[in-house]
Amino acid sequence: MTGLRLGPTVVLGLAGAGLATVSSAQVWARAQATEPALRTVEARGGEVAPVALPLALVALASWGAVLVLRRRGRRVVATLGLLAALGVALAVVLRAHEAADVATGLLPESQDGITSTTTAWPWLAVTGAVVSALASVVALREAGRWPEMSSRYDAPAGEPSSTPAPEEASSADLWKALDEGRDPTD
């Protein structure tokens with residue numbers, strides 16, 4: 001069986017991490033009080049599971065690095081992305097059931113007739129994190145088989161040039177060369 005390709009894996013990883021990032025910033029629950037006046041509050045993912053969004057951003061950023069690094073670097077960054085994605089999934093699973101309570105806690109205690117609802121965003125965050133984690137596992141396994149960027153723009157390796165730097169010409173020397181019709185920049 002041939003290895004999985006770089007492009008589809010990165011796209012899948014980006015999509016999963018992107019979904020986890022967007023979902024972690026959305027409204028996870030709403031609470032509404034009817035007494036003494038109608039009031040609605042929302043609890044976002046950052047209030048329910050504060051570590052989910054930063055970890056999702058780390059997972060998302062890791063996919064950009066996977067594109068430009070070579071074998072060993074890809075493995076390091078894919079491991080970091082895997083850990084971040086698993087962290088998102090774990091944080092959301094552990095805290096998502098508290099979303100309605102967090103939203104209710106945002107209302108003043110003097111409110112009565114409180115109802116709360118939850119959204120699907122926490123579970124979309126988990127889904128995105130799992131997809132990104134699976135793509136990270138593929139990146140870890142396949143990093144050695146994927147093509148690498150050219151070394152064309154790498155810093156030159158080896159000994160520095162032994163040619164001495166040209167001496168600085170004085171201002172008078174430059175003007176003299178111009179007067180003689182020579183190009184002082186040669």
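Read left to right, the sequence shown gives residues 1 to 186 (this note's numbering). By construction, the Cβ of each residue, glycine as well, lies at the ideal position given by its N, Cα and C atoms. All of these numbers come straight from a predicted model, not from anything done at the bench.
Considering only DSSP beta bridges, list what residue i is partnered with.
i	result
V27	R44
A33	R39
Mapping the DSSP letters down to three states, classify residue i as helix, strand or coil.
i	result
G144	coil
P50	coil
T185	coil
L178	helix
S170	coil
R71	helix
L57	helix
L4	coil
A125	helix
Below 6 Å CB to CB, which residues in the same chain sit around residue i once its five sequence neighbours on both sides are set aside?
i	result
L82	A133 and S136
W123	none
A84	L55, V58 and A59
E180	none
Residues in the same chain with beta-carbon distance under 7 Å from residue i, minus the five sequence neighbours each way, listed in chain order, please.
i	result
V126	A89, V92 and V93
V102	A29, A43, E47 and V48
Quiz item: Along the chain, which unbroken stretches of the beta strand (DSSP E) at least 3 residues long are found entirely within the stretch 98-122?
Solution: 115-118
Quiz item: Below 8 Å, can you find three or more Cβ-Cβ pairs linking the stretch 139-151 to the stretch 69-83?
Solution: yes
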